[in-house]
Amino acid sequence: MLTTIARIGQHVGQEVRLGCWLYNKRGSGKIQFLQLRDGSGFIQGVVVKAEVAEDVWERASKLTQESSLYITGVVRADDRAPSGFELNVTGVEIIQLAENYPISLKEHGVDFLMDHRHLWLRTPRQRAVMAIRSEVIRAVYEFFQQNGFYKVDPPILTPTSAEGTTNLFHTKYFDEDAYLSQSGQLYMEAAAMALGRVYSFGPTFRAEKSKTRRHLIEFWMIEPEMAFVDHEENLRIQEAFVSHIVQSVLKNCQMELKTLERDTTKLQNVTGPFPRISYDDAIKLLQEKGSEIKWGDDFGAPDETTIAEHFDKPVFITNYPTEIKAFYMKPDPNRPEVVLCADLIAPEGYGEIIGGSQRIDDPELLEKRFAEHELSEEAYRWYLDLRKYGTVPHSGFGLGLERTIAWICGLDHVRETIPFPRMLYRLYP
Numbered sequence: 493m494l495t496t497i498a499r500i501g502q503h504v505g506q507e508v509r510l511g512c513w514l515y516n517k518r519g520s521g522k523i524q525f526l527q528l529r530d531g532s533g534f535i536q537g538v539v540v541k542a543e544v545a546e547d548v549w550e551r552a553s554k555l556t557q558e559s560s561l562y563i564t565g566v567v568r569a570d571d572r573a574p575s576g577f578e579l580n581v582t583g584v585e586i587i588q589l590a591e592n593y594p595i596s597l598k599e600h601g602v603d604f605l606m607d608h609r610h611l612w613l614r615t616p617r618q619r620a621v622m623a624i625r626s627e628v629i630r631a632v633y634e635f636f637q638q639n640g641f642y643k644v645d646p647p648i649l650t651p652t653s654a655e656g657t658t659n660l661f662h663t664k665y666f667d668e669d670a671y672l673s674q675s676g677q678l679y680m681e682a683a684a685m686a687l688g689r690v691y692s693f694g695p696t697f698r699a700e701k702s703k704t705r706r707h708l709i710e711f712w713m714i715e716p717e718m719a720f721v722d723h724e725e726n727l728r729i730q731e732a733f734v735s736h737i738v739q740s741v742l743k744n745c746q747m748e749l750k751t752l753e754r755d756t757t758k759l760q761n762v763t764g765p766f767p768r769i770s771y772d773d774a775i776k777l778l779q780e781k782g783s784e785i786k787w788g789d790d791f792g793a794p795d796e797t798t799i800a801e802h803f804d805k806p807v808f809i810t811n812y813p814t815e816i817k818a819f820y821m822k823p824d825p826n827r828p829e830v831v832l833c834a835d836l837i838a839p840e841g842y843g844e845i846i847g848g849s850q851r852i853d854d855p856e857l858l859e860k861r862f863a864e865h866e867l868s869e870e871a872y873r874w875y876l877d878l879r880k881y882g883t884v885p886h887s888g889f890g891l892g893l894e895r896t897i898a899w900i901c902g903l904d905h906v907r908e909t910i911p912f913p914r915m916l917y918r919l920y921p
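Counting from 1, position 263 in the sequence shown corresponds to residue 755 in the numbering used here; the numbering is continuous, with no gaps.
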């Protein structure tokens, strides 16, 4: 029967057939050890010369790295094997013998690997990252479905910026100017006024000339918006959301985390509630550490890392100055110089993974913000309509998928968290 490596444990003592590729091979004149992969996992196939037909032995001997084949064998349990199972090979059917595979089983430079990203994905480490990415995505959908959210898809082509910034990719929409979306948030607010609790999950684009280990030009965002939800409830939902994702990966990706040699004790602690520190106290903390940062400055990556080091789980930095945050964030009624917002900072130096806030629901205040930020009232008229026709308190947030995966996997750079990363100097393959 044709099966997969992921399901091999269901067939102990039985003969099975796998469609697979040869990852590596070693052996002597009497026995060959084939490291096989099929996308669902890795397993060792053992070919004993005295136990197989001569033509089977010869075909196994011909196999080269990344050759494709069908292999037949009897499954046996083996506690020493990473997967817990091995395959005693009885048959080999070659589909294609690969020649001169460019990625050998040795160290390669990052640029070389990125140029061969289409092949680099096949390695155990990259396969583990992609499997964890898939599990994170599954957990995202599961959380929102379990909590009464509707999925809504905002447009990728937009006439304006979501946050009034200039870091946008410009294109022509027939005779009009258009931009690749940097956020679906404004459209999700409209959807929340129709459906109550909604979320989007899709690609976003930032034309920032940044080369840091945290930045991609094209990345994926999860953006919920919720009617009748205030700042405090918004934070509680974020805690539950992030906890659900991390615990789902711990439960369902143990083999992949082991492949990555991830210290999972640091992830096991990721359950709500999360600690909080106000922007004011964060500034004081940094100043006590010798920083020259002043009230009103935004935090850089080193600042976020310093703050996170004081906590053993993700930490909310709350109530940033109004002047450095987006026009749509609601000021604190008791202290209008700060807004009802929070950034969630991941531990271990991974920085901000969520930005969120309560949104302005007062139409007059929103019009004032348009003027202060020099935004076109004509372009944003539809957004103001949301406050004119049945305005309610509402909140939302955005989680960056790739930064979250980098943190969960313990990776040095976000480029490994997406199948084909788009970075400042990387558009190939």
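We put the beta carbon where it would ideally sit given N, CA and C, even for glycine.
Provide the residue span of the beta strand (DSSP E) that contains residue i, from first to last.
i, result
"Trp-712", "710-719"
"Ile-799", "Taken as a continuous stretch (DSSP letters only), Ile-799 belongs to no beta strand (DSSP E), being part of the alpha helix (DSSP H) at 793-800."
"Val-504", "From DSSP, Val-504 is part of no beta strand (DSSP E); its letter is neither H nor E."
"Glu-668", "668-672"
"Arg-705", "Unbroken run through Arg-705: none, as it is neither H nor E."
"Gly-565", "560-569"
"Ser-523", "The amino acid at residue 523 is misidentified as Ser; the sequence shows Ile. Looking at the DSSP string, the run of the beta strand (DSSP E) that includes Ile-523 is 523-529."
"Ile-809", "807-810"
Using the three-state DSSP reduction, which class does residue i fall into: helix, strand or coil?
i, result
"Leu-579", "strand"
"Asn-744", "helix"
"Phe-534", "strand"
"His-662", "strand"
"Trp-513", "strand"
"Arg-728", "helix"
"Phe-912", "coil"
"Met-493", "coil"
"Leu-454", "Any question about residue 454 goes unanswered here, given that the chain covers just 493 to 921."
"Glu-585", "strand"
"Thr-814", "helix"
"Val-734", "helix"
The ligand NAD and residue i: does the residue's C-beta get closer than 7 Å to at least one heavy atom of that ligand?
i, result
"Val-734", "Because no ligand of any kind appears in the structure shown, any question about the ligand NAD cannot be addressed here."
Measuring CB to CB, does residue i end up less than 8 Å from residue j?
i, j, result
"Ser-575", "Ile-624", "no"
"Arg-689", "Met-713", "no"
"Trp-549", "Val-538", "no"
"Pro-855", "Lys-880", "yes"
"Asn-744", "Glu-908", "no"
"Ser-735", "Phe-697", "no"
"Gly-843", "Glu-796", "yes"
"Leu-778", "Thr-798", "yes"
"Asp-904", "Thr-883", "no"
"Leu-649", "Ile-910", "no"
"Val-831", "Pro-823", "yes"
"Glu-507", "Thr-556", "no"
"Leu-528", "Ile-500", "no"
"Tyr-679", "Pro-646", "yes"
"Gly-892", "Gln-677", "no"
By how many angstroms is the C-alpha of residue j removed from the C-alpha of residue i?
i, j, result
"Gln-502", "Val-566", "12 Å"
"Pro-806", "Gln-730", "11 Å"
"Phe-720", "Ile-737", "24 Å"
"Gln-850", "Glu-715", "13 Å"
"Ala-686", "Tyr-642", "10 Å"
"Met-821", "Glu-840", "28 Å"
"Val-504", "Arg-914", "43 Å"
"Ile-845", "Glu-859", "30 Å"
"Ala-834", "Glu-815", "15 Å"
"Phe-819", "Leu-727", "20 Å"
"Asn-639", "Gly-848", "18 Å"
"Phe-733", "Asn-811", "21 Å"
"Phe-635", "Phe-577", "33 Å"
"Ile-587", "Gly-511", "9 Å"
"Phe-912", "Asp-804", "32 Å"
"Trp-612", "Ala-552", "24 Å"
"Tyr-593", "Ser-559", "9 Å"
"Asp-547", "Thr-582", "11 Å"
"Glu-725", "Pro-616", "40 Å"
"Arg-918", "Ser-702", "12 Å"
"Arg-768", "Phe-661", "35 Å"
"Glu-681", "Arg-572", "53 Å"
"His-610", "Arg-630", "23 Å"
"Asn-659", "Ala-699", "5 Å"
"Ser-675", "Leu-836", "18 Å"
How is the alpha helix (DSSP H) around residue i delimited, first residue to last?
i, result
"Tyr-691", "Tyr-691 -> not in any alpha helix (DSSP H); beta strand (DSSP E) instead, spanning 689-697."
"Tyr-633", "616-638"
"Gln-779", "771-780"
"Phe-604", "602-607"
"Gln-760", "757-760"
"Val-548", "546-554"
Is residue i close to chain C? Criterion is C-beta to C-beta, closer than 8 Å.
i, result
"Val-567", "No chain C is part of this structure, which consists of one protein chain only."
For this session: With a floor of 4 residues, list each alpha helix (DSSP H) that falls wholly inside the segment 827-906, ordered by position along the chain.
Result: 855-864, 873-880, 893-901
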